[in-house]
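Student: Before we start, here is the structure in question, set down as C-alpha cells.
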Amino acid sequence: MNQILVTKKLYITPELKRKKKIYKFDFIISIFLVCILTSLYIYAEYDRNKGEETAKQLLTEMNDVLATPPVIEDTTIAKDDILLVVLDGTVDDYDPSAIKENKVPSIAEINQQAEIKTTASGYQYKIIATIEIPKINLNYTVLQGLTGSLEEIEALLKDSPCKYHGGEPNEVGNFCIVGHNYRNSRFFSKVPTLVVGDKVNLTDLTGRTLTYEVYDKHTVNPEDTRDTTQLTGGKKELTIITCTDDSKQRVIVKCKEVK
Numbered sequence: 186m187n188q189i190l191v192t193k194k195l196y197i198t199p200e201l202k203r204k205k206k207i208y209k210f211d212f213i214i215s216i217f218l219v220c221i222l223t224s225l226y227i228y229a230e231y232d233r234n235k236g237e238e239t240a241k242q243l244l245t246e247m248n249d250v251l252a253t254p255p256v257i258e259d260t261t262i263a264k265d266d267i268l269l270v271v272l273d274g275t276v277d278d279y280d281p282s283a284i285k286e287n288k289v290p291s292i293a294e295i296n297q298q299a300e301i302k303t304t305a306s307g308y309q310y311k312i313i314a315t316i317e318i319p320k321i322n323l324n325y326t327v328l329q330g331l332t333g334s335l336e337e338i339e340a341l342l343k344d345s346p347c348k349y350h351g352g353e354p355n356e357v358g359n360f361c362i363v364g365h366n367y368r369n370s371r372f373f374s375k376v377p378t379l380v381v382g383d384k385v386n387l388t389d390l391t392g393r394t395l396t397y398e399v400y401d402k403h404t405v406n407p408e409d410t411r412d413t414t415q416l417t418g419g420k421k422e423l424t425i426i427t428c429t430d431d432s433k434q435r436v437i438v439k440c441k442e443v444k
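To get my numbering, take the position in the sequence shown, counting from 1, and add 185.
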C-alpha cells in the first residue's frame with residue numbers, strides 16, 4: 186500500500202519542468218502574435234475606411250468642378266474691335282495678318298490647369314476624371330500623379346483609382362485605370378465580376394461623359410503590360426486593371442466606346 190502512495194512532487198522531473206516552460210513560452214508567443222496580427226488587421230481596415238472617406242470627398246470635389254465651366258487663363262486683349270492673343274512682345278507689335286481663330290481649349294489644356302493636390306504622405310496629384318460602373322455601384326474619381334512613378338501610384342491608390350497609362354480621358358487611345366481589390370465592396374473589388382456587355386461611364390474635366398462597353402476580360406501576370414498598348418486603330422478604349430483575390434495576377438477588363 187505504501188508503494189503506491191507516491192506524492193505528486195516525485196513526478197515533477199527536470200524534464201517535465203523544462204517542457205512546461207517551453208509550453209508556457211510558446212503560449213505567450215502565440216498570444217503576442219495574435220495581438221500583433223489583430224492590430225495589423227484593425228489598422229489595415231482603418232486605413233481602408235479612411236481611404237474610402239477620402240475617395241468620397243474627392244468625388245464631391247470633382248462634382249463641384251464639373252458644375253463650374255472650366256476656366257482657361259485668358260491671354261487675350263481687345264484692340265480696335267479685334268481680339269488678340271498676346272504670346273510674346275507688346276500690344277503695339279501686333280500684326281493683324283498673324284491673328285488666328287480663337288480655339289476651344291483641349292482636354293489636355295484643361296487637365297494642365299487642374300488644381301494640384303497633395304496627399305498626407307507628400308505626393309502631388311490632380312483629379313482628371315470620374316469612373317462609374319452602374320452594375321457594381323462603383324463611382325470614383327481618377328487621380329493622376331505628377332511624376333508617374335510606381336511609388337507615387339501606390340500611394341495615390343489608397344485614396345482612389347488612378348491613371349496607369351495612356352493619354353487623356355475620352356480621347357483616341359487606350360486610357361488605363363488601376364485600382365485596389367480589397368475583396369469587399371470598395372474601390373475595384375467587384376471589377377472581376379464584370380462580364381462582356383457591361384457598361385462603364387467615364388467623365389472628363391470638360392463634363393463630357395462617354396459610355397464604354399466591356400468586350401473582353403482576362404487575367405495576366407503582373408509583369409505583362411501588353412494590354413496597355415495605345416494601338417487602338419484610332420478608336421477610344423478604356424482598360425480597367427485590378428488584382429485577383431489572391432493578389433498573384435492582374436484582372437484586365439477591356440472596354441470600347443459605345444457610339
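Just so it is clear, CB atoms sit at the ideal spot from N, CA and C, and this is done for glycine as well. Quick caveat, the model's predicted, so the values are computed rather than measured.
How should Phe212 be labelled, buried or exposed, when 16 other C-beta atoms within 10 angstroms of its C-beta is the threshold for buried?
Tutor: Phe212 should be labelled exposed.
Student: For Arg435, count neighbouring Cβ atoms within 10 angstroms of its own Cβ and tell me buried if that reaches 16, exposed if not.
Tutor: When all chains shown are included, Arg435 counts as buried.
Student: Exposed or buried, what is Thr318 when buried is set at 16 or more other beta-carbons lying within 10 Å of its beta-carbon?
Tutor: Reading off the sequence, residue 318 comes out as Ile, not Thr. Result: buried.
Student: To which residues of the same chain is Asp401 closer than 6 Å at the C-beta, ignoring the five residues directly before and after it?
Tutor: Excluding residues within five positions, the ones whose Cβ falls inside 6 Å are Lys439.
Student: How far does the beta strand (DSSP E) with Leu423 in it extend, from its first residue to its last?
Tutor: That run of the beta strand (DSSP E) goes Lys421 to Cys428.
Student: In three-state terms, what does DSSP make of Val250?
Tutor: It is helical.
Student: Measure how close the beta-carbons of Thr414 and Asn359 come, nearest whole angstrom, since I'm counting them as under 8 Å.
Tutor: The pair is a contact, with the Cβ atoms about 6 Å apart (cut-off 8 Å).
Student: By Cβ distance, which residues of its chain are closer than 6 Å to Ala283, with the 5 residues on each side in sequence left out?
Tutor: Unreliable positioning characterises Ala283 in this predicted model, as indicated by a pLDDT of 45, which lies under 50. A coordinate reading is not provided.
Student: State the start and end residues of the unbroken alpha helix (DSSP H) segment that holds Tyr335.
Tutor: According to the sequence provided, residue 335 is Leu. The question's Tyr does not apply to it. Element bounds for Leu335: Leu335 to Leu341.
Student: Taking only the alpha-carbon atoms, compute the straight-line gap between Thr315 and Phe210 and give it to the nearest angstrom.
Tutor: Roughly 54 Å separates the two Cα atoms.
Student: For Gln297, is the classification buried or exposed, using 16 other Cβ atoms within 10 angstroms of its Cβ as the cut-off for buried?
Tutor: So Gln297 ends up on the exposed side.
Student: Pick from Ile216, Thr391 and Tyr349: whose alpha carbon is nearest that of Val289?
Tutor: Minimum Cα distance to Val289 is reached at Thr391.
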